Every structure is written in structure tokens, then in C-alpha cells.
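Here's the structure, in C-alpha cells; my notes come after.
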Amino acid sequence: MSILPYCVFSPALVLPDIVTGVQQAPLLRMEEAGLACLYSESKELPKDPGELAQSAMAFQSTVQQVFGSGVVIPFRFPTLLRSLEDLSSHLREKSGPYSAALKKLDGMAQMEVRFTRLSAPAPSTATTGTEYLKSRQAAADGTNAAVEAIKSAAGILAHEWIVREAADVTRGYALIEHAKAADFKRAVGFVKLTGGLRAVVSGPWPPSEFMGASS
Amino acid sequence: MGAGPDYMVLGESGDAEISLLEILDHVLNAGVVIHGSLVISLAGVDLVYLGLNVILTSVETAVRNLDKRQAAALLGTKDSF
Chain A
578 MSILPYCVFS PALVLPDIVT GVQQAPLLRM EEAGLACLYS ESKELPKDPG
628 ELAQSAMAFQ STVQQVFGSG VVIPFRFPTL LRSLEDLSSH LREKSGPYSA
678 ALKKLDGMAQ MEVRFTRLSA PAPSTATTGT EYLKSRQAAA DGTNAAVEAI
728 KSAAGILAHE WIVREAADVT RGYALIEHAK AADFKRAVGF VKLTGGLRAV
778 VSGPWPPSEF MGASS
Chain B
166 MGAGPDYMVL GESGDAEISL LEILDHVLNA GVVIHGSLVI SLAGVDLVYL
216 GLNVILTSVE TAVRNLDKRQ AAALLGTKDS F
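Same order as they appear, the protein sequences are chains A and B.
Mapping of the first sequence onto this note's numbering: residues 578 to 792, in sequence order.
Mapping of the second sequence onto this note's numbering: residues 166 to 246, in sequence order.
Okay, here's the thing in C-alpha cells:
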């Protein structure tokens, strides 16, 4: 039996009535070093892909319900700890940065904009390596322009932006006031993307990308 | 504080439906990562994470037949799919 932590939050937060989490395990609460943490005792994670996906979604649902009451620091799924002592130890060790993050991000949320290209440039369509690299550069320029268009549309609704690029996807994270998520979606909803770009705007999520050094 | 998360598609999608793959992509990419010996096995966690990403495509296929309302309820949304 291991410990599956969900999220850290202020002990003053009044939680909604959530009883069970992943795999219907009872949700338990720990308070340590001025922090509260929701966790459950976990057996092995399911190996069946469908059940694993359900576990991931149940985890996310639990975190989101707590986040509905106030800011939380979520753990990445699936983080498993050996024992409650290890969870206590982690909270004591991170008490400073976690408390600072909870204070700094009180009332805030993050919106995520995930950019993907419907048809990635393929080496087989370019006759030379140079042509391929040029097509990749053009695609990157298009994505960068789209990111800037979204940023511009969001305007002052976004207090801060973080953009992370990976091989086939670019993720933009906007730090906003939790109560203004609908305004953010309305604002960026007018942006027209072209050139085979697709953007999925989602949120509000716990502002985990803005935890600073604590993440 | 407001409603749960929802999703909106911009661009030339041709298909405005949000796939479970995209939802799981967020779930598996968010949150604080604990490093160190406290974690049962850092390599293990990373491997599980990598494994989850590797099987995402098959996950999507596997859960395609799930009741979407059940999935939406799990996610805490009503109109996410």
C-alpha cells in the first residue's frame, strides 16, 4: 500500500464534500508544517489502459473539486510515496516554497493553450534537407505568430505567460484571476488561426506552472 | 469560484470535438513533480509517466467506448466532449 497525494492547500480552505478519489479509495487529509494535503492509500495502479485513464481522470476531478474552493498545488499523476512519514517529510521540506506559492497564487488560475499542427511537415515531401528545414522554420514561425495573437487577444487578463515548446506541440500557460476564466475564453475565442494550426484552450486549472522554484 | 475546466477549439480543426487524448495530455503534464528518494522510485514514476504517454493512443481507443457522460462526470465537466 502506497500513498497517492493529490494536492496541497491552505489548512483554512473549506473543502467540498468529496469522499473518494482514485479507484474509489477514501480521501484522507494530512496537516503538516502549516499545509494541508489530500491523499489516498493506493494499491497498484491499474495496468489496463482504460482503467488507467479513468484513474487519471478521477485524480484530476478530485483536484479540480478542491480547486473550486481555493488555490491548490497539485501533484503530477501518478506520484506515489512509500509512507505517510514520507509525505510529512516532503511537506516539512517544502513548507516554505509551498506556503509562498499558495499566498502568491491565491485567487489565481491558469489557462492552457495547446497548439498543434494538423499536418506536420514531413521529410518525405521535401526534396532536400534544406527545404525540409525551411518548412520546419515556417511552421515554427506560424506557431509563434499564433502564440502572439493569443497573447494579444488576452491582453491584461493574463498577468503572466509561460510558453513551452516540444517537438510537435507548443503549450502556452496564462496566469489569470480564477474568476475571469470565462472572460479569457471569450477574448481569445475571436482569434482566427490559419495554416493548419489548431489550438485547444482549456481551463481554469490550478496554476501549477507558476509555482516558481517550488515546481 | 466558478465552473470546472472546459475546452474550446480554435483554428482549422475540421473537428471541434475534444478527444480524450487531449484531456489526458493535460492531466499527465500538470502538477508538481517530487524528486528524490521519497518517491517510491523516481525512475519508476518517470517510466509510468512515459508509459502512460506511450499508451495514450491505445488509451483513447480503449476508452472510446466509455460512457461519455461518465467520463465527463469524472472530469468534473458537462460539455467537455
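Even for Gly, the Cβ is constructed at its ideal location relative to N, Cα and C.
Treat the numbers as computed from the prediction; the structure is a model and nothing was measured.
In this structure, how does DSSP classify Glu-708(A) when only helix, strand and coil are distinguished? helix
I'd like to know whether the C-beta of Phe-654(A) is nearer than 8 Å to at least one C-beta of chain B. yes
If you count every other CB in all the chains shown that lies within 10 Å of the CB of Gly-706(A), and 16 or more means buried, which is it? exposed
Taking Val-778(A) as the reference, give the member of Gln-687(A), Glu-621(A), Phe-654(A) with the closest Cα. Gln-687(A)
For Pro-596(A) and Cys-584(A), what's the separation of their Cα atoms in angstroms? As written in the sequence, residue 596(A) is Val, which differs from the Pro given in the question. Straight-line Cα distance between these residues: approximately 15 Å.
Quick one: grab the DSSP three-state call for Leu-661(A). helix
For a test of the three-state rule: what should DSSP assign to Ser-587(A), helix, strand or coil? coil
Which residues, taken in chain order from the stretch 669-684 of chain A, show a beta carbon closer than 8 Å to some beta carbon of chain B? none
I want to verify the contact list: residues of chain B whose CB lies under 8 Å from the CB of Pro-651(A), in sequence order. Ala-195, Gly-196, Val-197
Please report the residue range of the beta strand (DSSP E) in which Arg-606(A) lies. 605-609
DSSP on Ser-785(A), reduced to helix/strand/coil? helix
Taking its Cβ as the centre, do 16 or more other Cβ atoms sit within 10 Å of Pro-655(A), making it buried, or is it exposed? buried
When you compare the CB of Arg-775(A) with every CB in chain B, is at least one pair closer than 8 Å? yes
Ser-666(A) versus Phe-767(A): straight-line alpha-carbon distance, rounded: 47 Å
Taking the continuous alpha helix (DSSP H) assigned at Ser-632(A), which residues delimit it? 626-644
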